[in-house]
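S.K.: 14 is the number of the first residue of the sequence shown in my numbering; add one for each residue after it. Can you keep this structure in mind? I'll have questions shortly.
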Amino acid sequence: MPKVYAHHAAGVPSLSHQEMEREAMLQFERQEREALDQHMLKQQIMAQEEQERRRFLEDEHILEGRRRNQERRLQNERRLLAREKRLISLENQRLLDERDMPVAGITAKKKFTYRTIDTQPAPRTPTGEMPEKEYTFIH
14 MPKVYAHHAA GVPSLSHQEM EREAMLQFER QEREALDQHM LKQQIMAQEE
64 QERRRFLEDE HILEGRRRNQ ERRLQNERRL LAREKRLISL ENQRLLDERD
114 MPVAGITAKK KFTYRTIDTQ PAPRTPTGEM PEKEYTFIH
């Protein structure tokens, strides 16, 4: 009497040994493909994260560069303003020195008048000059 298996009794046709091997092989290949797909998906996600991280770092680098450039521009502007102030100060000093300097033996005309604090006329020296030390310089 032939052996009767449970699936025979249930009406499921029995699989031959070769068919079972083929089925197992297909199952194995399916699992391999799924594992490979998961691995590829994981790799893709990691690559995207790396790309986002690099983009973020590049953006940070760009922003840092812009900040440094702006700092440098401000510093240069401050330096130029300080230089301009010094030049103006030197020019003013030169103009003051020129105003007070006699030109070819002729005393330069002064733009300002000398008066005492109480606005009395200043006494003059015998040569007609005003004694500067005794009076306030008002302009």
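Every residue, glycine too, gets a C-beta built ideally from N, C-alpha and C.
In whole angstroms, what separates the C-alpha of Arg85 from that of Glu111?
M.R.: Approximately 38 angstroms, taken between the alpha carbons.
S.K.: Return helix, strand or coil for Ser102, following the three-state DSSP convention.
M.R.: helix
S.K.: Roughly how many angstroms lie between the CA atoms of Glu77 and Glu65, to the nearest whole one?
M.R.: 18 angstroms
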